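Engineer:
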Amino acid sequence: MMRLVRWILDDYMRTQRILVEWVAAVGIAYVALHAHSDAASTLATWSLSVIAFALYTTSVIADIAEHPSNLVRLLQLESRRTYIVAFLVATFIIVASGYALLVAATYLFAQAAFPDWQLWLTTIPAIIMLIVTAIIVMMLLTPLVAGPLQRLALLAFIAVPLAWGRVIAVLPDMLPGTVMAAFQAMSTFFGIMLWPTMQLYSLTINPQFDTLSLLLVVIHLLIISGLTVLAVRWYDRRSLTIA
Amino acid sequence: MQYVSLTNLNIPGSAIRDVTLHIPEGSCYGIIGAAGTGKSMLLNAIAGLSGNALGGISVAGSSGHHRPGSIGILTPRVQLPAHLTVLELLTRLRTLRNGADDQTEADCYSAIRWCALEQLTQTPIAKLSFFNKRRVALAMALVNKPALLLLDEPTVDLAAHEQQVMIDILENLRERNMTIIIATRGNAPMESLFDQIAVLSAGKIIAELSAQHIRDMQRTLMIRTSEIPTAAYEHIVAIESGIIVTRRNIVLTGDGVRSLAQILQVLLHYSVHIFCIEPRNHPLADLVMQARYPVVLAHRYPVRLLTNAIRESNATEEVAS
């Protein structure tokens, strides 16, 4: 598998696709953080940037992985799972390289905005989990892994909880109390659903080491594992078109 | 021994319906059909890539989905890593699963030799012509010495002389102890390669012909009609061997051609509308035409005029004899 990962990374570098992530990383550090002096906003910018990198890189990698010419490699591997996992690993390495460059460029161009080293180092586990989550979720939303209905369902699964607050706000007052109560209950349910990821994001900005954080990490690791298994299984059952 | 067996294969969401095929080990099998008839889907299914295929698919006695290294495939869409040389690309693919071994270099050079790429081993792929890239893609399919080689339209988009070179390469591959399946639209003269041919129309196998049968075809005619009722169908197929009848097409081969007038009488009797009769030179092209929707040419070739022309032609021949 590592030979395939190296091949994917080599292709990504030599075809200069990597420039998008790397130029964006330097650009963000130079343009967005240059005039800042607030470490918290720097950490927030890094987290949001890394999510954007993960979404973009995953969509590009999924497109590459799906191309018939590349699927020729699939026929040489032990299993389909090896193939998709190799592409996931390569995506992670590319996004992580973008993050590393973003941090380095911030140190060079915006030293005043650079957080304390110890503070930054404590955010790294949460950042890694954030990258993995974004990659896996995005991969599940690509045609490489999921069919149209699966993608639609997953998108609704993400979008509806995120937008639920807005939905509640525009509901008319004349709705019966029991109906409104049901809607409010959904808010609570969706809030619990989104809590781990929202907390994970906040951990990348305000890292803490307490029982709640540990619980959060465990929950999130379980979610990531579940999503990874789902992505690999879905890919295993997909019809691929090589010819 | 059958190397590839498809039994009642159905692929939901594709044209493939109830395909049953048995391809002997070491043979070169042609699947011909027009665009959109399901040839590529069939190759995908054989390669184990159709996640939703229903029915039996067995390759080398195994019905497992993934068969690492045992299948080589050539696709018509060639997009190779431009920055690598031919030898680098083949070496990477050869070492992808198990790493390099004593045979790596020899296998790469074998694939290069089989595809007549000796002069291009150190050439970056970016500098290759489309035809050379196609040959590199074929070498990729061969570098792991697969037992089964699937070729999807190997001559499509090639110039006539390039098609001939490709056919020569494939001819040589027949001696390499592989089972080869070639999907084609029948527009290149590849019939000399095949041991057997299946004609695919709208996802169904409508005819299976031996190589000898194809070579023996002196002339083929096709009649395109409106829908043929069952009674007319039964009547026509009983007339003579060498008549292939589908819902809207009748192909006359060999002795069947002599029955044209009789068939036209049957069609008239059952009020089947005849759109056109197509004499063509290439037997495969005729069979492929069955898969296409008939073009309404009735106003140009009215059925009575056609029938009268045949009658007159027959009468003239009788008088002459």
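Going down the list, the protein sequences come from chains A and B. Note that our numbering has the first sequence beginning at 546, numbered continuously upward. Note that our numbering has the second sequence beginning at 46, numbered continuously upward. Just so you know, even glycine gets a beta-carbon here, dropped at the ideal spot from N, CA and C. Treat the numbers as computed from the prediction; the structure is a model and nothing was measured.
1) Once DSSP output is grouped into helix, strand and coil, what is the label at valine 49(B)?
2) Are three or more beta carbon pairs between the region 628-645 of chain A and the region 588-602 of chain A nearer than 8 Å?
3) Exposed or buried, which one is aspartate 608(A) when buried takes at least 16 other CB atoms within 10 Å?
4) Compute the distance between the beta-carbons of phenylalanine 654(A) and alanine 574(A), then report whether it is under 7 Å.
5) Isoleucine 116(B) CB to nearest chain A CB: under 7 Å?
6) Would DSSP call glutamate 272(B) helix, strand or coil?
7) What in chain A is Cβ-close to alanine 92(B), meaning under 7 Å?
8) Within the region 202-258 of chain B, note down every full beta strand (DSSP E) run reaching 3 residues or more, in order along the chain.
9) Chain A partners of glutamate 124(B), CB-CB under 9 Å?
10) What did DSSP end up calling glycine 58(B) once you bin it into helix, strand or coil?
11) Among the residues of its own chain, which have a CB less than 6 Å from the CB of tyrosine 278(B), if the five just before and after it don't count?
12) Please list, in chain order, all residues of the same chain as alanine 589(A) whose beta carbon is under 6 Å from its beta carbon, the five residues on each side excluded.
13) Check each candidate in Gln621(A), Asp661(A), Ser732(A) and Tyr557(A) and name the one with the smallest Cα separation from serine 582(A).
14) Report the residues of the region 125-142 of chain B with a CB closer than 9 Å to any CB of chain A, ordered along the chain.
15) Check phenylalanine 659(A) in the structure and name its three-state DSSP category.
16) Are the CB atoms of leucine 699(A) and leucine 689(A) nearer to each other than 7 Å?
17) Identify every run of the alpha helix (DSSP H) within the region 560-596 of chain A, keeping only runs that are complete inside it and at least 4 residues long; order them along the chain.
18) At least one CB of chain A closer than 7 Å to the CB of threonine 120(B): is that the case?
19) What residue does the alpha helix (DSSP H) around aspartate 152(B) start on, and which one ends it?
20) Determine, using beta carbons only, whether cysteine 153(B) and valine 188(B) come nearer to each other than 7 Å.
21) With 16 other CB atoms within 10 Å as the buried threshold, where does glutamine 124(B) fall?
22) Which of helix, strand or coil does DSSP assign to leucine 99(B)?
23) Please check the pair isoleucine 102(B) and alanine 90(B), which I expect to be a contact at CB under 8 Å, by giving their CB distance rounded to whole angstroms.
24) Quick one: Cα of arginine 778(A) to Cα of glycine 96(B), how far?
25) Assuming threonine 149(B) and arginine 139(B) are in contact, meaning their beta carbons sit under 8 Å apart, how far apart are those beta carbons, in whole angstroms?
26) With burial defined as no fewer than 16 other Cβ atoms inside 10 Å of the residue's Cβ, what is the status of aspartate 63(B): buried or exposed?
27) Any Cβ of chain A within less than 7 Å of the Cβ of serine 95(B)?
28) Could you tell me which chain D residues have their CB closer than 7 Å to the CB of tryptophan 552(A), listed as they occur along the chain?
29) What would DSSP say about leucine 675(A), mapped onto helix, strand or coil?
30) Taking leucine 75(B) as part of the beta strand (DSSP E), name the residues at either end of that continuous run.
31) Given a cut-off of 7 Å on the beta-carbon distance, is the pair valine 617(A) and methionine 185(B) in contact?
32) Measuring only the C-alpha atoms, how far is leucine 760(A) from proline 706(A)?
33) On a CA-only basis, which of Ile680(A), Ala691(A) and Pro693(A) is nearest tyrosine 601(A)? Give me that one, please.
34) Measure the CB-CB distance between glutamine 167(B) and threonine 130(B) and report whether it falls below 7 Å.
Structural biologist: Taking the geometry as given:
1) In the second sequence, counting from the first residue as 1, residue 49(B) sits at position 4. Valine 49(B) falls in the strand class under three-state DSSP.
2) When C-beta atoms of the region 628-645 of chain A are compared with those of the region 588-602 of chain A, three or more pairs fall below 8 Å, so the two segments count as touching.
3) The sequence position of residue 608(A) within the first sequence is 63, counting from 1. By the 10 Å Cβ count, aspartate 608(A) comes out exposed.
4) Along the first sequence, read from residue 1 onward, the residue named residue 654(A) stands at position 109. Along the first sequence, read from residue 1 onward, the residue named residue 574(A) stands at position 29. Yes, the Cβ-Cβ distance between phenylalanine 654(A) and alanine 574(A) is below 7 Å.
5) Residue numbering aside, residue 116(B) sits at position 71 when the second sequence is read from its first letter. For isoleucine 116(B), the answer is yes, since a Cβ of chain A falls inside 7 Å of its Cβ.
6) Walking along the second sequence from the start, residue 272(B) turns up at place 227. Of the three classes helix, strand and coil, the one that applies to glutamate 272(B) here is coil, per DSSP.
7) Residue 92(B) sits at position 47 when you count from the first residue of the second sequence. Within chain A, the C-beta atoms nearer than 7 Å to that of alanine 92(B) come from Leu620 and Ile787, in chain order.
8) Those beta strand (DSSP E) runs which fall completely within the region 202-258 of chain B and span 3+ residues are 224-229, 241-246 and 249-255.
9) Sequence index remark: in the second sequence, residue 124(B) carries index 79 (1-based). Inspection of the sequence shows that residue 124(B) is occupied by glutamine rather than by glutamate. Listed along the chain, the chain A residues whose CB falls inside 9 Å of the CB of glutamine 124(B) are His612, Pro613, Ser614 and Asn615.
10) Residue mapping note: residue 58(B) aligns to position 13 of the second sequence, counting from 1. Collapsing the DSSP output to three states places glycine 58(B) in coil.
11) Here residue 278(B) refers to the residue found at position 233 when the second sequence is read from its first residue. If the five residues before and after tyrosine 278(B) are omitted, its C-beta is found closer than 6 Å to the C-beta atoms of Val290, all from its own chain and listed in chain order.
12) By 1-based counting over the first sequence, the position of residue 589(A) is 44. Only Ile750 meet the Cβ criterion.
13) Counted from its first residue, the first sequence places residue 582(A) at position 37. Looking at the Cα atoms, Asp661(A) is the closest of the given residues.
14) Closer than 9 Å at the C-beta level to chain A, one finds these residues of the region 125-142 of chain B: Leu125, Pro126, Ala127, His128, Leu129, Arg137, Leu138, Arg139, Thr140, Leu141 and Arg142.
15) For the purposes of this step, residue 659(A) is identified with residue 114 of the first sequence, where counting begins at 1. Of the three classes helix, strand and coil, the one that applies to phenylalanine 659(A) here is coil, per DSSP.
16) Position 154 of the first sequence holds residue 699(A). Position 144 of the first sequence holds residue 689(A). No, they are not a contact pair.
17) List check, alpha helix (DSSP H) in window: 563-572.
18) Taking the first residue of the second sequence as 1, we reach residue 120(B) at position 75. Residue contact check for threonine 120(B) against chain A: a CB pair falls below 7 Å.
19) Counted from its first residue, the second sequence places residue 152(B) at position 107. Unbroken alpha helix (DSSP H) run through aspartate 152(B): 149-159.
20) Start at 1 with the first residue of the second sequence, and residue 153(B) comes out as number 108. Start at 1 with the first residue of the second sequence, and residue 188(B) comes out as number 143. With a cutoff of 7 Å on beta-carbon distance, cysteine 153(B) and valine 188(B) are scored as near each other.
21) By one-based count along the second sequence, residue 124(B) stands at place 79. Flag for glutamine 124(B) reads exposed.
22) As a first step, residue 99(B) must be located in the second sequence, where it is residue number 54. DSSP places leucine 99(B) in strand when its eight states are reduced to three.
23) The residue given as residue 102(B) occupies position 57 in the second sequence. The residue given as residue 90(B) occupies position 45 in the second sequence. With 8 Å as the limit, isoleucine 102(B) and alanine 90(B) qualify as a contact, their Cβ atoms being about 6 Å apart.
24) Here residue 778(A) corresponds to residue number 233 of the first sequence, with the count starting at 1. Here residue 96(B) corresponds to residue number 51 of the second sequence, with the count starting at 1. Roughly 11 Å separates the two Cα atoms.
25) Residue mapping note: residue 149(B) aligns to position 104 of the second sequence, counting from 1. Residue mapping note: residue 139(B) aligns to position 94 of the second sequence, counting from 1. Going by Cβ atoms, the distance from threonine 149(B) to arginine 139(B) rounds to 5 Å, so yes, they are a contact pair.
26) As a position in the second sequence, residue 63(B) is number 18, starting the count at 1. Exposed, because fewer than 16 other Cβ atoms sit within 10 Å of the Cβ of aspartate 63(B).
27) Counted from its first residue, the second sequence places residue 95(B) at position 50. So, interface residue.
28) Although the question refers to chain D, the structure presented lacks it and instead comprises the protein chains A and B.
29) Counting from one through the first sequence, the residue named residue 675(A) turns up at place 130. Annotated three-state conformation of leucine 675(A) is helix, per DSSP.
30) On the second sequence, position 30 is the one that residue 75(B) refers to. The sequence given here has glycine at residue 75(B), not leucine. 73-77 is the span of the beta strand (DSSP E), which, as asked, contains glycine 75(B).
31) On the first sequence, position 72 is the one that residue 617(A) refers to. On the second sequence, position 140 is the one that residue 185(B) refers to. Closer than 7 Å, so yes.
32) Residue mapping note: residue 760(A) aligns to position 215 of the first sequence, counting from 1. Residue mapping note: residue 706(A) aligns to position 161 of the first sequence, counting from 1. Rounded to the nearest angstrom, the two C-alpha atoms are 22 Å apart.
33) Taking the first sequence and counting its residues from 1, the one referred to as residue 601(A) is at position 56. The shortest Cα separation from tyrosine 601(A) among Ile680(A), Ala691(A) and Pro693(A) belongs to Ile680(A).
34) As a position in the second sequence, residue 167(B) is number 122, starting the count at 1. As a position in the second sequence, residue 130(B) is number 85, starting the count at 1. In terms of Cβ geometry, glutamine 167(B) and threonine 130(B) form a close pair [threshold 7 Å].
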